[in-house]
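**Student:** To convert, note that position 131 of the sequence shown is 166 in my numbering; the numbers rise steadily by one, no gaps.
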Amino acid sequence: MSIQWYPGHMTKARRAIAESMPSQDVIIEVLDARMPRASENPVVAELRGQKPCIKVLNKSDLADPAVTKAWLRHLEAEHPAPSGGAPAGGQVLAIAIAANQSSEARRRIPELCKRLAPPKNGPGKVVRAMIVGIPNVGKSTLINTLMERKVAKVGDEPAVTKSQQLVTLKSGMAISDNPGILWPKIDDEAASFRLAVGGAIPDTAIDYQSVAHFAAGYFLRRYPELLAARYKLTDLPTTAAALIEEIGRRRGCLRGGGSVDLHKASDILVHDFRAGRLGRISLEEPPGLEEPSGIEESA
Numbered sequence: 036m037s038i039q040w041y042p043g044h045m046t047k048a049r050r051a052i053a054e055s056m057p058s059q060d061v062i063i064e065v066l067d068a069r070m071p072r073a074s075e076n077p078v079v080a081e082l083r084g085q086k087p088c089i090k091v092l093n094k095s096d097l098a099d100p101a102v103t104k105a106w107l108r109h110l111e112a113e114h115p116a117p118s119g120g121a122p123a124g125g126q127v128l129a130i131a132i133a134a135n136q137s138s139e140a141r142r143r144i145p146e147l148c149k150r151l152a153p154p155k156n157g158p159g160k161v162v163r164a165m166i167v168g169i170p171n172v173g174k175s176t177l178i179n180t181l182m183e184r185k186v187a188k189v190g191d192e193p194a195v196t197k198s199q200q201l202v203t204l205k206s207g208m209a210i211s212d213n214p215g216i217l218w219p220k221i222d223d224e225a226a227s228f229r230l231a232v233g234g235a236i237p238d239t240a241i242d243y244q245s246v247a248h249f250a251a252g253y254f255l256r257r258y259p260e261l262l263a264a265r266y267k268l269t270d271l272p273t274t275a276a277a278l279i280e281e282i283g284r285r286r287g288c289l290r291g292g293g294s295v296d297l298h299k300a301s302d303i304l305v306h307d308f309r310a311g312r313l314g315r316i317s318l319e320e321p322p323g324l325e326e327p328s329g330i331e332e333s334a
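This is the structure:
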């Protein structure tokens, strides 16, 4: 599945980020902990250049904890601290944040920004950070957490934030929030499916059955025990198509004559994942962690 789109608000958002980037000391890129690589926007990497960056793996309470730890190590190892006391140009620090860790986020993120930012001396000199990321990864939730009050609109649909805003934390640090942006064309088929499963792409732009088929195949290979527990399956189906059909039968997604409504069954699987009802699942793993194989993805 290759996704291509050119929504006007994303073009506007990219322009606003590009214009603001030079004045920032640190970039805070919010990623989906369930798919850190797929949710990394190459446009952000291009625009930030050698500016230091904090990668925030949000929604970590929904992700596989062992995989999340591996991602934190991998992301920091890709862009290590310069040696010899040199400025932190290009350095990346990574942190995982869960929904119930508000106080941890408020404490650690400003600390990490100050570690990465160059010294600021004189009146009015504050650390400036920009929060960026793709749609629906939790940027607005994070900025509300840091401010300890609601200053940004939050929703479970992509592209809730429409314009850039600047806020000042109690510590004096200035943070700008920006609309989520996706790159114009996503050629990596697996990344496209992961983004669709996770809710970063509007449902109107995806084929639910294809997306659920991808998810079912991955879950069968990587998290079969969670599927068995959620859908009360004694014997797991051996293909993605068979799993979706079985979910449909067990959840009453039946048409006249007893055939399964595959769209409804697909909807159930995808939304069970998004809501965390399947358990803690990561959709991808960093290099070095091998994915189990042996389950067929096709019928």
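In this text, a Cβ means the ideal position worked out from N, Cα and C, and glycines have one as well.
1) Using a Cβ-Cβ cut-off of 7 Å (strictly less than) and excluding sequence neighbours within five positions of lysine 149, which residues of its own chain qualify?
2) Report yes if the C-beta distance between lysine 94 and alanine 68 is below 7 Å; otherwise report no.
3) Please state the DSSP three-state secondary structure of isoleucine 62.
4) With DSSP run on the structure shown, which of helix, strand or coil describes arginine 141?
5) Give a yes or no on whether the C-beta atoms belonging to alanine 73 and alanine 226 are separated by under 7 Å.
6) Assuming contact is defined by CB atoms lying nearer than 7 Å, are isoleucine 241 and alanine 251 in contact in what I supplied?
7) According to the Cβ coordinates, are glycine 173 and methionine 70 closer than 7 Å?
8) Threonine 273 lies in the beta strand (DSSP E); which residues open and close that run?
9) So, is proline 87 buried or exposed, given that buried needs 16 or more other C-beta atoms within 10 angstroms?
10) Given a threshold of 16 other Cβ atoms within 10 Å of its Cβ, counted over all protein chains shown, does lysine 104 qualify as buried or as exposed?
11) Of the choices Gly168, Ser317 and Leu324, whose alpha-carbon is the least far from that of valine 78?
12) Per DSSP, what are the beta-bridge partners of arginine 163 in this structure?
13) Which one or two residues does DSSP pair with aspartate 67 in a beta bridge?
14) Can you give the Cα-Cα distance for asparagine 135 and aspartate 222, rounded to whole angstroms?
15) Run through DSSP, which three-state label would cysteine 341 get?
16) Could you give the DSSP three-state label for serine 48: helix, strand or coil?
17) Once the 5 residues before and after alanine 209 are set aside, which same chain residues still bring their CB inside 6 Å of it?
18) Which first and last residues belong to the alpha helix (DSSP H) in which threonine 176 is found?
19) Quick one: Cα of glutamine 59 to Cα of serine 245, how far?
20) For alanine 247 versus serine 317, is the C-beta distance shorter than 7 Å?
21) Less than 7 Å between the C-beta atoms of valine 102 and glutamate 260, yes or no?
22) What residues match up with valine 127 in a beta bridge as DSSP calls it?
23) Closest by CA to alanine 133, which one among Pro115, Leu97, Glu280 and Glu146?
24) So threonine 103 is in the alpha helix (DSSP H); what residue range does that whole segment cover?
25) Can you tell me where the alpha helix (DSSP H) with leucine 230 in it begins and where it stops?
**Tutor:** Working from what's here:
1) Val162
2) Yes; because the gap between Cβ atoms is below 7 Å, this pair is in contact.
3) DSSP, read as helix, strand or coil, puts isoleucine 62 in strand.
4) helix
5) yes
6) no
7) No, they are not a contact pair.
8) It is not in any beta strand (DSSP E) - threonine 273 carries neither H nor E in the DSSP assignment.
9) buried
10) Exposed: under 16 other Cβ atoms inside 10 Å.
11) Gly168
12) Ala209
13) Asn93
14) 35 Å
15) Beyond the ends of the chain as shown, which are 36 and 334, falls residue 341; an answer cannot be given.
16) The residue you asked about is not serine; residue 48 is alanine in the sequence shown. The answer is helix: DSSP assigns alanine 48 an H, G or I state.
17) Val161, Arg163 and Thr203
18) 174-182
19) 40 Å
20) Result no, Cβ atoms of alanine 247 and serine 317 do not sit closer than 7 Å.
21) It is not a contact, given that the beta carbons lie outside the stated cut-off.
22) Cys88
23) Leu97
24) 100-113
25) Its alpha helix (DSSP H) spans residues 224-233.
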